[in-house]
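Report on the structure given below.
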């Protein structure tokens with residue numbers, strides 16, 4: 023089977039970052055590609071009745087400890103950004119624009135490069151990716167035309183594309199970041215990637 | 023190191039059941055024993071600001087799907103009980119009584135046997151383990167004296183022991199079921215048992 027794996031994530035989600043560093047290798051192992059799909063947990067939480075993880079008593083403290091521990095386990099750099107959580111609207115719209123304008127202004131792999139660069143800016147370099155100017159600088163750092171992207175971010179069709187993508191995610195039952203979807207099977211959590219790998223190996227169970 | 027692994031669980035928690043079937047093998051592999059510690063999520067949720075998993079929109083539906091899928095993955099029988107969630111006060115007190123009265127009326131392994139029997143009664147045989155009479159019948163089925171246990175459940179010191187245990191769990195930062203504690207390191211979730219295994223293998227990271 024050659025269909026892609028849908029990888030839903032909020033750029034503000036630490037577990038989204040952790041999983042983003044592993045998903046491509048898992049997909050590739052099974053002859054799949056990754057469809058990067060940013061979502062906005064703020065909008066989803068209104069439907070799901072949840073709140074940002076770190077705001078919960080007890081669970082929030084555990085999460086802060088676990089983000090760092092889980093990053094150490096897979097040997098990737100991680101530090102909690104000073105501004106957290108952030109609204110990743112600009113960065114997410116930027117992905118929609120990259121999808122809409124690929125082949126035209128750049129190839130598909132630019133989106134992958136941009137996703138990794140934004141996550142790194144936030145979780146390694148402590149940059150406030152909630153700020154559209156920061157998003158544009160990150161884009162520039164991976165050779166994406168900053169002015170074209172700025173125009174894209176202001177484009178109503180791009181704003182609508184993100185809104186539609188978030189609603190489609192909700193309609194699909196997605197409530198958290200990351201969520202990996204393999205042939206309509208949802209797996210929530212960065213700690214489920216091994217399960218995703220086994221699912222792909224066995225073709226379900 | 024020969025200290026035990028603390029395994030905190032709510033009998034009403036499906037993920038607690040799933041993990042209960044795997045934790046002994048992991049502990050044994052690393053020369054550890056399992057300290058079964060029932061907790062009451064109802065009391066903990068008051069502190070943590072959470073609610074039973076299945077009551078959340080989206081997340082609840084996912085959870086129901088995931089309970090069954092995760093059980094299939096590890097090849098154990100599972101079906102959602104008709105009455106869910108249940109208040110597992112009686113079953114949890116019964117564990118406190120078994121701990122308090124071991125060596126005296128029975129050996130330590132009886133607690134392990136009882137924990138598995140209660141989980142099976144609930145998740146395999148669809149019995150309402152919220153009912154104290156059901157708990158006593160399950161006890162009887164694993165050769166525990168039913169009348170002695172009934173007296174134990176009514177004993178104020180046993181009631182207090184459970185209350186204290188739940189408070190101690192909260193003080194330790196525990197907010198969900200199952201939580202596995204290895205040398206003061208908390209791991210929340212049945213999907214973290216592989217991580218617990220790796221942690222024990224490497225001695226942390």
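Protein chains in written order, with the numbering used here: chain Z, 23 to 227; chain C, 23 to 227.
For each residue, glycine too, the CB sits at the ideal point set by N, CA and C.
Since the model is a prediction, treat every value here as computed from it, not as a measurement.
Within 7 Å, strictly: CB atoms of residue i and residue j
i, j, result
"residue 61 of chain Z", "residue 188 of chain Z", "yes"
"residue 172 of chain Z", "residue 184 of chain Z", "no"
"residue 48 of chain Z", "residue 213 of chain Z", "no"
"residue 112 of chain C", "residue 175 of chain C", "yes"
"residue 71 of chain Z", "residue 103 of chain C", "no"
"residue 59 of chain Z", "residue 30 of chain Z", "yes"
"residue 99 of chain Z", "residue 146 of chain Z", "yes"
"residue 32 of chain Z", "residue 63 of chain Z", "yes"
"residue 66 of chain Z", "residue 209 of chain Z", "no"
"residue 191 of chain Z", "residue 160 of chain Z", "no"
"residue 136 of chain C", "residue 164 of chain C", "yes"
"residue 195 of chain Z", "residue 39 of chain C", "no"
Cross-chain neighbours of residue i in chain C, by beta carbon under 7 Å
i, result
"residue 70 of chain Z", "78, 79, 80 and 81"
"residue 127 of chain Z", "Under the 7 Å cutoff, chain C gives no residues; its nearest Cβ is about 35 Å from residue 127 of chain Z."
Exposure of residue i, with buried meaning 16 or more beta-carbon neighbours within 10 Å
i, result
"residue 35 of chain C", "buried"
"residue 119 of chain C", "buried"
"residue 227 of chain Z", "exposed"
"residue 200 of chain C", "buried"
"residue 41 of chain Z", "buried"
"residue 152 of chain Z", "buried"
"residue 169 of chain C", "exposed"
"residue 51 of chain Z", "exposed"
"residue 115 of chain Z", "buried"
"residue 19 of chain C", "Residue 19 of chain C is absent from the structure shown; chain C starts at 23 and stops at 227."
"residue 94 of chain C", "exposed"
"residue 149 of chain Z", "buried"
"residue 178 of chain Z", "exposed"
"residue 217 of chain Z", "buried"
"residue 211 of chain C", "buried"
"residue 224 of chain C", "exposed"
"residue 101 of chain C", "exposed"
Contact list for residue i against chain Z, beta-carbon separation under 9 Å
i, result
"residue 208 of chain C", "84, 87 and 88"
Contact list for residue i against chain Z, beta-carbon separation under 7 Å
i, result
"residue 109 of chain C", "Chain Z residues near residue 109 of chain C: none, gap ~20 Å exceeds 7 Å."
"residue 227 of chain C", "94 and 95"
"residue 189 of chain C", "In chain order: nothing, as chain Z lies at least about 13 Å away."
Chain Z residues whose Cβ lies nearer than 8 Å to that of residue i
i, result
"residue 205 of chain C", "Residues of chain Z passing the Cβ test: none, with the nearest at roughly 13 Å."
Closer than 8 Å at the beta carbon, the chain C residues around residue i
i, result
"residue 214 of chain Z", "213"
Interface partners of residue i on chain A, CB under 8 Å
i, result
"residue 59 of chain C", "In the structure shown, chain A cannot be found, because the protein chains are Z and C."
Residue i: CB within 6 Å of a non-hydrogen atom of the ligand SAH
i, result
"residue 55 of chain C", "Here there are no bound small molecules, and the ligand SAH is not part of this structure."
Exercise for the section: Pull out every residue of the segment 28-42 of chain Z whose Cβ sits closer than 7 Å to any Cβ of chain C, in chain order. Expected result: Of all residues in the segment 28-42 of chain Z, none places a beta-carbon less than 7 Å from a beta-carbon of chain C.
Handout entry: Cβ-based contacts, 7 Å cut-off: residues of the segment 84-95 of chain Z near chain C
Key = For the segment 84-95 of chain Z, which is checked against every Cβ of chain C, the residues closer than 7 Å are 84, 94 and 95.
Exercise for the section: Please name the residues in the segment 192-203 of chain C whose beta-carbon is closer than 8 Å to at least one beta-carbon of chain Z, in chain order. Expected result: Only 192, 195, 196, 197 and 198 from the segment 192-203 of chain C bring a Cβ to less than 8 Å from some Cβ of chain Z.
Practice task
Could you name the residues of the segment 128-150 of chain Z whose beta carbon sits closer than 9 Å to any beta carbon of chain C, in the order they occur along the chain?
Solution key: Listed by position along the chain: nothing, the set is empty.
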